[in-house]
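All remarks here apply to the structure that follows.
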Amino acid sequence: MAASDVIRAGRPGTAAGSGPVPRPRRQYLGRRLTHHLILILISLAFLAPFLVMITTAFKTSGDIFRVPPRLLPQHWIVGNFAEAVQAMPFLRYLANTVLLVVLNVAGTLISCPLVAYGLAKLHWRGRSAVFGTVLGTMMLPAQVTFIPLYLLWDRLGAVGTLWPLIIPAFFGSPFYIFLLRQFFTGVPDSLREAGLIDGASELRVYLQLILPQAKAAIATVAVFQFVATWTDFLLPLIYLNSQQNYTLSIGLYNFFGEHGVAWGPLMAACLVFTIPALAIFMVAQRYFVQGISVTGIK
Amino acid sequence: MAEATLAGRRPRRRPAWAGLAFSSPWIIGLVVFMAGPILVSLYYSFTEFNLFQSPRWVGLDNYATLLKDPKFLGSVFNTAYLAIIGVPLGLAFALLVALALNFPVKGQPLYRAIVYLPAIVPVVTASYLWRWVFNAQYGYLNQVLGSIGLPQPNWLADPMWTKPAVLVITWWGIGATAVIYLAALKQVPQQLYEAAAVDGANGWQRFWYVTWPALTPVTLFQLIMGVIAALQIFAPTYLLTQSRGNAANGGPGDSLLTYTMHLFHNAFVFLKMGQAAAMAWILFLVIGLLTSFILLTSRRWVHYGSE
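Below is the structure:
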């Protein structure tokens, strides 16, 4: 490792794009400032729409329809939030969304690690063929199965209920199975064999020895599934047709349909809807980064 | 014998039932939610079917009708625009952001988090939020553009500008791709940079001969996933063209009628289930062809390390 790497970053491997030839100290300061400046500009570009959403949520309509627009409200108000919550059965939608998220995460965490373990650590005929279908279906556009699935749920009397948005999670989803399989492949075989020697069943080995090893990977899948379910729009749009079963996505969609230009309440509702996704991201940031990196690289 | 196997490094053989049992949720789901529906959907694509009467076999009629449907052709054009322009530029943008995120400065995790943030915003929120930002009269974007002397297009009302607007929204959510690039950048061996510097390579040469080759496998993966996602883009365009009291209509001059939106309309609004199924199969075919094409041509530009 070059000495300059240590000086520059204190941590090797992060200096791509900048030369390893030592330079005078002042030049480093200048370069560091430039780096921060670029990063701050990028950050502002990514944050600006959030700022617009937040400030609009606290604006009176007089402030909202001002030309030219001003970012900050002249009069801060909280009425938009009350208006949004009263204009639709917000709590009902929230409850439906939470129910969906809980059951989807549960279903995913029951099914995906199980399948991934079977594909990573157990040796059986047909395993590679089954794994091939996992990879293959990642390329299958969902639109191909739209109509038959809709009819299937219709026959079962489940169109309009939350069931079509819940049940499939219990059968695994290819992306997570792939991610978890990558992880399980790295768990040493000796662990499983030690358990088997001690007379544990295959299921017990899985539950008591392997799963605890996979906490980080499982957390990654859980947060991904949380956000995916929380933010989903297409499936609720297809399957939900009565207000009592709407999710927040569909609730907001209908709110816009009815109140189009009520930007204050709309942005207030959008803000409330977005906060849980942002909160889980703050809490579980490293799992997002891990999961994203692993799936991209391997 | 069993002891020897256990002590050795060879994995112990177990009967197939264990593996099958563990994988059974996927296998059952595959049959019930995929294989079955795939076959049914293929059959529907050769029929005329409106949900109320049983499907009537019409051979290739759906496919022939589609090729003469101006809305279908328009949706193909719109989607191709978003994929051909949007995906490569989006990857380039993500790479630039990742290079910046890789600057050796303090606070890198914070910058990374900020860039990733939009990627987890619900699509409904993102779409409405940008509708407001793009508003020609009261929106901020045009004010910012105007203040630096750039043109202020009527983004969502001018058919020329609706697709660029959608691209801006998708690029806002580029965080995941940037994070993948960032992880790949951190894996480039430092010795290569040192060797390049010894050889007198300048910054651009170091990027072109060291960094970029190391990034090509990730780029290939991102390119394929990006194209597949772009061909299926639905929610942002649907939500941007929703009008008060009405369902989404494809925007001015149908300029945002994307392929899957037209498919969705065919299926659930016009109840032309057969035609919608045919569209889904054409999409599947195109995705397969494009993926193979990208994979084939990738041999010319993707470099795999010696590892």
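Each protein sequence line maps, in turn, to chains H and Z. Residue 53 in numbering that gives the first Met the number 0 sits at position 54 of the first sequence; the count goes up by one each step and never skips. Residue 297 in numbering that gives the first Met the number 0 sits at position 298 of the second sequence; the count goes up by one each step and never skips. All C-beta atoms, glycine included, are put in the ideal place defined by N, C-alpha and C.
About 6 Å separates the CB atoms of H/L99 and H/T228; that is less than 8 Å, so the two are in contact. Between H/G256 and the set Z/V123, Z/L95 and Z/L181, the nearest pair of CA atoms involves Z/V123.
Beyond the five residues adjoining it in sequence on each side, Z/W171 comes within less than 8 Å, by CB distance, of P117, A125 and W129 in the same chain, given in chain order. For H/R69, there is no enclosing alpha helix (DSSP H), as DSSP marks it with neither H nor E. Neighbours of Z/A266 in chain H, taken as residues at a C-beta separation under 7 Å, are given in chain order as F145 and I146.
Three or more Cβ pairs drawn from the region 277-288 of chain Z and the region 254-269 of chain Z lie within less than 8 Å of each other, which places the two stretches in contact. For H/Y92, the enclosing alpha helix (DSSP H) has its first and last residue at F89 to A119. Listed along chain Z, no residue sits closer than 8 Å to H/H74 by beta-carbon distance, the nearest being about 17 Å off. A straight line joining the alpha-carbon of H/I249 with that of Z/S242 spans about 15 Å. If only complete runs of 4 or more residues are kept, the region 88-126 of chain Z shows the alpha helix (DSSP H) at 107-115, in order along the chain. Put simply, of Z/N49, Z/L230, Z/G252 and Z/L219 the residue whose alpha carbon is nearest the alpha carbon of Z/A91 is Z/L219. Nearest neighbour of H/A218 by Cα position, chosen from H/L236, H/I146, H/I279 and H/T55, turns out to be H/I279.
The DSSP-derived three-state label of Z/R243 is coil. Listed along chain Z is no residue with a C-beta nearer than 7 Å to that of H/W152; the closest approach is about 10 Å. In chain order, Q142 and F145 make up the part of chain H whose C-beta sits under 9 Å from the C-beta of Z/L262.
H/W75 sits in coil when the DSSP states are folded into three classes, being neither helix nor strand. About 5 Å separates the beta carbon of Z/Y80 from that of Z/K162, a gap short enough to meet the 8 Å contact definition. A direct Cα-to-Cα measurement between Z/A247 and Z/L239 gives close to 8 Å. The three-state reading of DSSP puts H/R65 in coil, since its state is none of H, G, I, E or B. Going by DSSP, H/P235 is part of the alpha helix (DSSP H) stretching over L233 to Y238. Of all residues in the region 148-177 of chain Z, those with a C-beta nearer than 7 Å to a C-beta of chain H are W171 and A175, reading in chain order. For H/A276, at least one C-beta of chain Z is nearer than 8 Å to its own C-beta.
Within the region 137-209 of chain Z, the complete alpha helix (DSSP H) segments of 4 residues or longer fall at 139-146, 158-171, 174-185, 189-197 and 202-205, listed in chain order.
Any Cβ of chain Z closer than 8 Å to the Cβ of H/W162 would place that residue at the interface, and such an atom is absent. Not one beta carbon of chain Z lies nearer than 8 Å to the beta carbon of H/P211. Sequence-distant Cβ neighbours of Z/A234 in its own chain, meaning closer than 6 Å and more than five residues away, are V122.
Spatial neighbours of H/P112 in its own chain (CB-CB distance under 7 Å, excluding positions within 5 residues in sequence) are listed in chain order as L179, L210, A213 and I217. In the DSSP secondary-structure assignment, Z/R55 is bridged to Z/E47. At least 8 Å separates the CB of H/Y245 from every CB of chain Z. Within 10 angstroms of the beta-carbon of Z/L65 lie 16 or more other beta-carbons, which makes it buried. Assigned with DSSP and collapsed to three states, H/N244 falls in helix. Less than 8 Å separates the beta-carbon of H/N244 from that of H/N95.
Contacts with chain H at 8 Å (Cβ-Cβ) do not include Z/F71.
Contact check for Z/V285 and Z/L230: beta-carbon distance about 7 Å, within the 8 Å limit, so the pair qualifies.
Three or more beta-carbon pairs drawn from the region 128-142 of chain H and the region 25-36 of chain Z are found closer than 8 Å, and the two stretches are therefore classed as touching.
Membership of Z/I286 in the alpha helix (DSSP H) is indicated by the continuous run M272 to W300.
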